[in-house]
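Chemist: Sharing a structure below in structure tokens format, with a few things to ask.
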Amino acid sequence: MTQLKQQRDYFGDALLELAKTNSQILVLTADLETSLKLTDFKEKFPERFFNVGVAEQNLIGVAAGLSLAGFLPFAASFAVFLPGRCFDQIRVSVCQNKANVKLVGGHLGFSNSGDGASAQSVEDIALMRSLPEMVVLCPFDGQEVASLVDLAAQHNGPVYIRISKSEVPSEIKNKNEKLKIGGARILQEGKDLTVLSHGPILQEVISAAENFDVEVIDVYSVKPLDKETILKSAAKTGKVLVVEEHSIYGGLGSAASELLAGKYPLPIKILGIPDVFGESARTREELLEKYGLNGNNIARAIKELT
Numbered sequence: 162m163t164q165l166k167q168q169r170d171y172f173g174d175a176l177l178e179l180a181k182t183n184s185q186i187l188v189l190t191a192d193l194e195t196s197l198k199l200t201d202f203k204e205k206f207p208e209r210f211f212n213v214g215v216a217e218q219n220l221i222g223v224a225a226g227l228s229l230a231g232f233l234p235f236a237a238s239f240a241v242f243l244p245g246r247c248f249d250q251i252r253v254s255v256c257q258n259k260a261n262v263k264l265v266g267g268h269l270g271f272s273n274s275g276d277g278a279s280a281q282s283v284e285d286i287a288l289m290r291s292l293p294e295m296v297v298l299c300p301f302d303g304q305e306v307a308s309l310v311d312l313a314a315q316h317n318g319p320v321y322i323r324i325s326k327s328e329v330p331s332e333i334k335n336k337n338e339k340l341k342i343g344g345a346r347i348l349q350e351g352k353d354l355t356v357l358s359h360g361p362i363l364q365e366v367i368s369a370a371e372n373f374d375v376e377v378i379d380v381y382s383v384k385p386l387d388k389e390t391i392l393k394s395a396a397k398t399g400k401v402l403v404v405e406e407h408s409i410y411g412g413l414g415s416a417a418s419e420l421l422a423g424k425y426p427l428p429i430k431i432l433g434i435p436d437v438f439g440e441s442a443r444t445r446e447e448l449l450e451k452y453g454l455n456g457n458n459i460a461r462a463i464k465e466l467t
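Here it is in structure tokens:
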């Protein structure tokens with residue numbers, strides 16, 4: 162792996178670069194310019210940056226209106242607020258109108274460790290997956306962040322991108338690898354077990370899997386899924402482990418179970434956040450350990466399944 166940087170930094174950089182070549186891109190946020198690393202965009206394109214204040218529902222309404230007027234808005238807030246507080250606006254104003262709005266949920270999972278349950282999003286994928294027309298993208302490294310921001314801009318319709326404040330590498334694979342909506346990346350080939358994951362937790366997964374003959378798949382597109390890659394791997398290994406920094410209900414684990422149940426009924430284990438809200442901690446790592454999502458616990462689960 163290469164040098165580490167916070168995922169939100171890659172997002173801010175990617176959006177700024179994209180805006181240099183696409184004058185229709187606008188950025189809207191709900192008083193989170195600094196937290197979501199949008200200051201450089203604001204300074205470079207002040208006429209294309211809008212802070213609506215602490216009014217997330219209005220953020221979505223304004224973004225939908227700008228989209229229907231022909232602009233390409235990226236609306237960014239914390240992941241805990243964007244789907245949760247704004248679900249009705251996203252459902253009606255964005256999805257029912259097939260509005261070309263790009264939604265960015267920051268500080269996913271336990272990355273906002275110090276602020277506790279009220280600021281930790283563990284159910285955002287479940288909410289977004291349920292909406293017709295919505296694409297759900299969960300990047301891992303810096304390369305994926307940049308590529309998926311670009312793909313979101315190219316896609317005509319609603320897209321949700323899940324971003325963390327956790328540090329991730331700039332790249333782990335060939336930087337020329339082409340990504341796609343509905344795609345996935347095989348990070349490690351193997352025959353004993355299929356391990357599906359997404360986002361920053363993949364660092365723990367990669368570390369845990371390196372001494373096992375297992376196939377690690379980066380499912381950066383949670384909706385739509387790369388059905389072909391997942392089914393082919395599951396047919397080869399006969400067992401699946403899903404690891405995600407999200408509730409065990411409604412996320413990638415549920416999506417994979419829905420897919421596999423109709424094709425290859427087989428043993429599947431989901432390592433995620435149980436039926437609880439988050440909690441305060443000094444670091445994200447403390448919470449990953451408590452909820453069994455650190456490298457040692459993932460390695461233990463892999464060993465049990467192989």
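418 is the number that our numbering gives to position 257 of the sequence shown; each next residue is one higher, with no gaps.
Every residue, glycine too, gets a C-beta built ideally from N, C-alpha and C.
#1: How far does the beta strand (DSSP E) with Val320 in it reach, from first residue to last?
#2: Can you tell me which residues form a DSSP beta bridge with Asp379?
#3: From Ala416 to Leu189, what distance separates their C-alpha atoms?
#4: For the alpha helix (DSSP H) containing Val310, list its first residue and its last residue.
#5: Buried or exposed, going by whether 16 or more other CB atoms sit within 10 Å of the CB of Arg346?
#6: Could you name the residues of the same chain whose beta carbon sits closer than 8 Å to that of Leu298, not counting the 5 residues immediately before and after it, in chain order?
#7: At 4 residues or longer, what runs of the alpha helix (DSSP H) sit wholly inside the segment 391-454?
#8: Nearest-angstrom Cα distance between Asp249 and Lys181?
#9: Helix, strand or coil: how does DSSP classify Ile367 here?
#10: Name the residue from Gln185, Leu233, Val265 whose alpha carbon lies nearest to the alpha carbon of Tyr171.
#11: Please state the DSSP three-state secondary structure of Ala219.
#12: Looking at the unbroken beta strand (DSSP E) that takes in Asn212, where does it start and where does it end?
Modeler: On the basis of the data shown:
#1: 320-323
#2: Arg346, Ser358
#3: 30 Å
#4: 303-315
#5: buried
#6: Leu309, Leu312, Ala313, Val320, Tyr321, Ile322, Arg323, Ile342, Tyr381, Ser382, Val383
#7: 413-422, 445-451
#8: 32 Å
#9: helix
#10: Val265
#11: Contrary to the premise, residue 219 reads as Asn rather than Ala in this sequence. Here Asn219 sits in helix by DSSP.
#12: 210-212
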